[in-house]
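Notes follow once the structure below has been shown.
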Amino acid sequence: MIVAERKPIEEIIKMVEKHESILVLGCGGCVTVCLAGGEKEAEQLATTLRLYFQKENKPFKTITTTITRQCDPEYVKSVAEEVAKVDAVLSTACGVGVQFMAENYPGKWVYPALNTKFAGANLELGVWGERCGLCGECILHLTGGVCPVIRCSKSLLNGPCGGSQNGKCEVSSEIDCAWQLIYDRLKSLNSLDLILKIQPPKDWSKARDGGPRKVVKEEVRL
Amino acid sequence: MAAKVLIYQCSYCSYLTFDLLSQYKVSLQDNIFLTDLPCTGTISVNMLLEAVENGFEKVLVLGGTGNDCRFLKGSQRAQKRVEEAVKILREIGYDKASIAFYGLKPGDVDSLKNILNTI
Amino acid sequence: MTKSYLVIGAGAVGLQIAQDLKENGHEVWLVEESTMPGGKFNSQKPLEPGINLAYFSGTYHPGDYLFTSKAVSLMASKRVKVLYGSKISVIKEEEGKFYTEIIAPKENYTKVFDGVYFTPGFIPFNPEEKAEYLYGINNFVLTGLELENLLKTGELKKNPPEKVAFIQCVGSRNNGIGPGKPYCSGFCCLYSLKEIDLLKKVLPDTIVKVFYLDLRLYNKGAEKLYQKAVENNVSFIRNMISAIKEEPKSYKPIIRYLNNGRFKDELFDLVVLAQGAELSPNIKTLLARLNITENELLEFYGTPENPHQIRPGIYFAGSFLNPMDGADSMVSAGAAAFPQINLKESVQSTMEIKYFTNTGIIFCNCRGSLPVDELKGTVADLPSITISDCLNEDELGKVRSFLLDNQIGKAVFAGCSKIKIMPGLEKLAYEESIGARFEVVNLKEQGYSLYGKEKFKAIAQKLLAGALARLKFSTTPALKVKNDITFDVVIIGGGLAGLKAAEALTEKGVSVTVVEKQDSFGGKHKNKVIPLEGINLKEFIEKIVLKLENRGALLLKNAEIVEVSGAPGNYQLIIERFGKRLNINAAAVILATGTQNSYGHYRKTSQIIFQEDLFSSADLLSQCDSIGFLQCAGSRNDLNPICSRNCCVSSLDAAIYVKEKFPEKDVFIFHQDIMAYGKYEYKYLKARELGIKFVVYNRGQYPEIKSIGGKIQVVTNENYLDDVVLDLLVLAEGAVPNKENEKLAELFRVGLDEFGFLRESHQDISGGYFPKWGVFVAGEAQGPKTVREILSSAQNTAKNVLTYLNQLQNSQLKVNYSEVIEEKCAACLTCVRVCPYSVPVVINGKNVAYIDPISCQGCGICASECPNKAIVQNNRPHQGVLAEIRVLAGEGK
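Sequence order for the protein chains is A, B and C. Just so you know, we're using numbering that gives the first Met the number 0 here: the first sequence kicks off at 0 and counts up by one. Just so you know, we're using numbering that gives the first Met the number 0 here: the second sequence kicks off at 0 and counts up by one. Just so you know, we're using numbering that gives the first Met the number 0 here: the third sequence kicks off at 0 and counts up by one.
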């Protein structure tokens, strides 16, 4: 899932302060699940902004609604009526949703209320961790299911650097050394031989170095 | 006119304490309004902000103490939500209103009186 | 089989028994002399202000409304008749039936019952009967209740006393001489401490001295109050005062007492008497009609099997059975009701619920004390009704017809506290099969009393408008059925409490699994052969185990619970045994993990042993000429701050056993305060009569123990006594919470108290219930208990479980619960993670959360945390709260 968190209020205020009415648009997808931009957060953000402009004695109106996903055209188009009523849209979706809204509503400002952080998993209630680097060519079968691309601070593919100490990364003692995790995992799978295999340099053109990517699934297209 | 105060009680603890208060000859001013929730843990940040938005200058959430909550961590949850709401008010520079959480044991009239004295 | 029962006395205990009997299908008549329910818990009775304080052990709770709510619920039921201000003029026992004549205010009844419960509680001893206290003659001599009232009303502050004396045991522990009773009234030490606590809060500089015989602070929370009193410089003087005189000029009381062997006269500004428990004369007359003498009652302690039954059909419960505090009386009530509770046939009711669409207002002027008429019609143009008394059957009838005639589906009740009235209103609607939602505006405690006469109308109008606004968004209750229930009960802990609960449940046909961690059953008591409270526990336990085996109960030794999932009605437990895992489904779980022994700082030698050693081997006694018992060796110290309750009774029993068998032997008991509370006092009296010597040592100052020439020497600080030389010294081990409790609390999501015992939903009145549905506590897991108390607690818990199983298999009109809007659910698991009781689940393959309405407790935490607002809390939806805020904040109306 895509994990995001709300931008500082101050930053959001600066985006929307030139408008008198906005649509705070929640998204029922990943950002709902990561508690950043579902209906609840959208409503809370709307109240916060109204309170701010009330204090500033500026006219400011909000409409709040949430759609199933902001990354599907059908859902995005379903809010045309609400969008027409306001000066601008404040989206609590990830960067995808914000862009998709903007693409679909050419005459409107669509602002991001969130900082989109990473593709990750829910570690425990209220804590999320990064797990996927979206590199385009998965090598998890070689590393025992621990991704060196995103979980090693340096994205090293052939073992740890000298900064690996007591299983922790030199960047921060809160970060596990990915190569320690890989070692432990391969050991428990009785497959330490894999670790000796030299990985050739990664083909980063399959990642976003090759420019924006697109996936096409031909058999469903008609 | 005096600032409007909204007090959220917990049905299981502070509600009882308010019931008791009347036996101790305490009186409230008419700017103070009481309402109750099944558990203060059910309060959301938005509810708190909405109360401020609608004109309450003081919003108090009166829950239980850490270890005797009917819903185990309801009061602690309420406290965290209050902290978040307070943080938001600070971030937007809204200083006309305040939000606070107090945890007191059911029946602890003395603490309640002290809290009411700070209003 | 449905039977009819007469319950005499509508105090806490009577109400509880009536409720239990009614819930299980019996017809109940509850007859109360006074005009209100609640008995001693009722703080609104004019003559007994705030007496609730005295009889609650843990907290300063107002008892009245909790019992009002119970009473209203009972009165709303058609199987119950509650008669206030009524008397039983005739009672006759004929062939197991009880023929009665009852004089009630409006009409007289004759009625035949199948059984009678005596729950009249007690009346406070009248200190005027003991002229030496000058009560009633001197204005500076008060009762505890009078002091409490002066404190509450603030009178005392106007004329603050500088020196106050508290005198304990007024009317109690009279040694059989003069007015009063020989037993210890059990609650007065605690209640004096509470009053001192209040007094010190109001007047911190007052000098307080307490004259007492033993400070019987055996309740869990009492030690803390004592410590606080000591910190507040309260002096405790162990002394039976010899007289109170008057200072001739000021008329102030002078107390004469023995101080270091000499009389001392000390002047006080106030003397407060701790009244004991006395029997009501009317009840004595009734008992006489049933051929039960006062002495029989005083000495009645029941059998271990039937602790509450004095004769078939006649039961005693609560402080009438034995002076006790609130918490213990609730347990006693449940245990007494147990014999009448049976497992019902599993029939899902086919109740048709009437749903009405109108909204109405029910005003209650609370016996004319609330000016509700000035509100009528000023807030909303809705149908309304005004009643005057919720404890009056006719007035409740008016509410019933109001709902039916006006087709009311939602109503605001504007009167007293919702804690008093809400359960009764819901019951009332339920009995008429109306699915109605009520909101309460507390015009009394939180309206008129707090805002005063002038501001009342404006505030009340706003609160009423707010409640109406809120009500618009709440949904009406729905009939819910639990589908997937099993009928097994798992009991964790195979000690005395667990086994007794298992015995009680299997007797009623419930199938039971007992999970015991150790490789034998019986826990701490399994080897005790010297009778404890008249029971040879070794035999007793063996008998129960045999019985359980015959009844087909699954008894698992060496087994430990490791995982819990599922919801009430269908818990899935994983039990580990010899490294293997066992899955067991359970409708209910009883936690009966008991306590562990605390040996203080002592170690066992051949001549210094602990009570458990002595009780399991009677031979030890024949080998010695002198034997001593050291109390509190493992209690009331740095390792275990509280009283373990069981050890004084154990030592008394053992000492009496020795002395009766071997009168020539010297027996000593070294103690701080002999905790022979209630009727245990008779044991103390007997021990003294037998010549057992009691040696007091000061709190915490344990006597020095020396081993000299094959003997044990106990150094006493008493100047009248030489050091005592013994052959055997028995130390009283203490009871500390089981270390497992923490794990169990985590597994079952129940709370722990400050000491580490399992915490009930309300220490004083819950009677063994946890807030969590389907999990129960029995025995010492909740707090230290004597053997009889453990048995009572187990029986009470069995009653709770039976009541719960009966509720579970019938459909319920569920009022407060949260519901998932499936279309909006993102299956994010937030609700699953935040629910305090693990009710929500995401159904596999369906990808939406489901909240079982029967198990849901309606706190609404999930609803407020749900990121997509896909959960609606039907009693306080967000829109409702917002609507109310807007009304309250709005100007004008």
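We put the CB at the ideal spot given by N, CA and C, even for glycine. If you're wondering where the values come from, they're calculated on a predicted model, not measured in any experiment.
- The criterion of a C-beta distance shorter than 8 Å is not satisfied by V51/B and F32/B.
- In the structure shown, R261/C falls within a strand segment according to DSSP collapsed to helix, strand and coil.
- Pairing V201/C with L155/C gives a Cβ-Cβ distance under 8 Å.
- Contact check for A777/C and G497/C: beta-carbon distance about 7 Å, within the 8 Å limit, so the pair qualifies.
- Taking the CA atoms as reference points, G408/C sits about 11 Å from L470/C.
- By the C-beta criterion, the stretch 854-870 of chain C is judged not to be in contact with the stretch 53-64 of chain A, since fewer than 3 inter-stretch pairs fall below 8 Å.
- V88/A: member of the beta strand (DSSP E) spanning A87 to S90, first to last residue.
- At a cut-off of 8 Å, the C-beta of V51/B has a neighbouring C-beta in chain A.
- When secondary structure is reduced to three states using DSSP, Y803/C falls in the helix class.
- Given a length threshold of 3 residues, each whole run of the beta strand (DSSP E) inside the stretch 587-674 of chain C is given here in chain order: 587-590, 594-597, 607-609, 625-629 and 665-670.
- Take Y101/B, set aside five residues on each side of it, and the residues of its chain with a beta-carbon closer than 6 Å to its own are L61 and I114, in chain order.
- Among the CB atoms of chain C, none fall inside 8 Å of the CB of E4/A.
- Across the set L390/C, F262/C and H670/C, the C-alpha of L390/C shows the shortest separation from the C-alpha of L82/C.
- Closer than 8 Å to the CB of G220/C there is not a single CB belonging to chain B.
- Using a Cβ-Cβ cut-off of 8 Å, I181/A does not count as an interface residue toward chain B, since no Cβ of chain B sits closer than that to its own.
- When rounded, the separation of the alpha-carbon atoms in K167/A and G92/B is 40 Å.
- In the structure shown, P736/C adopts extended strand secondary structure according to DSSP, grouped into three states.
- Under DSSP, L22/A shares a beta bridge with I62/A and V88/A.
- Chain-ordered, the chain A residues with CB closer than 9 Å to the CB of V833/C read L124.
- In the three-state DSSP reduction, L395/C falls in the helix class (H, G or I).
- G750/C and A413/C have their C-alpha atoms spaced approximately 35 Å apart.
- Taking the Cα positions, A888/C is about 18 Å away from I42/B.
- Linking W203/A to C131/A through their CA atoms gives a straight-line distance of about 15 Å.
- Secondary structure in the stretch 71-116 of chain A: the alpha helix (DSSP H) runs of 4 residues or longer, each lying completely within the stretch, are 72-76, 79-84 and 94-103 in chain order.
- Excluding its 5 nearest sequence neighbours in each direction, F210/C has C-beta neighbours in its own chain below 6 Å: I166, I236, N238 and I240, listed in chain order.
- For R76/B, a Cβ of chain C is located within less than 8 Å of the residue's own Cβ.
- Look at F17/B: its C-beta is under 8 Å from a C-beta on chain C.
- DSSP lists no bridge partner for P311/C.
- One alpha carbon belongs to T485/C, the other to G434/C, and they sit about 28 Å apart.
- DSSP, read as helix, strand or coil, puts R69/B in coil.
- In the structure shown, I138/A falls within a coil segment according to DSSP collapsed to helix, strand and coil.
- With 16 or more other Cβ atoms inside 10 Å of its own Cβ, Q808/C counts as buried.
- For P252/C, the secondary structure class from DSSP, reduced to helix, strand or coil, is strand.
- Chain A places no beta carbon closer than 8 Å to that of K603/C, leaving this residue out of the contacts.
- Of R635/C, V657/C and C642/C, the smallest CA-CA separation from S616/C is found for V657/C.
- Against chain B, the beta carbon of P770/C has neighbours under 7 Å at R69, listed in chain order.
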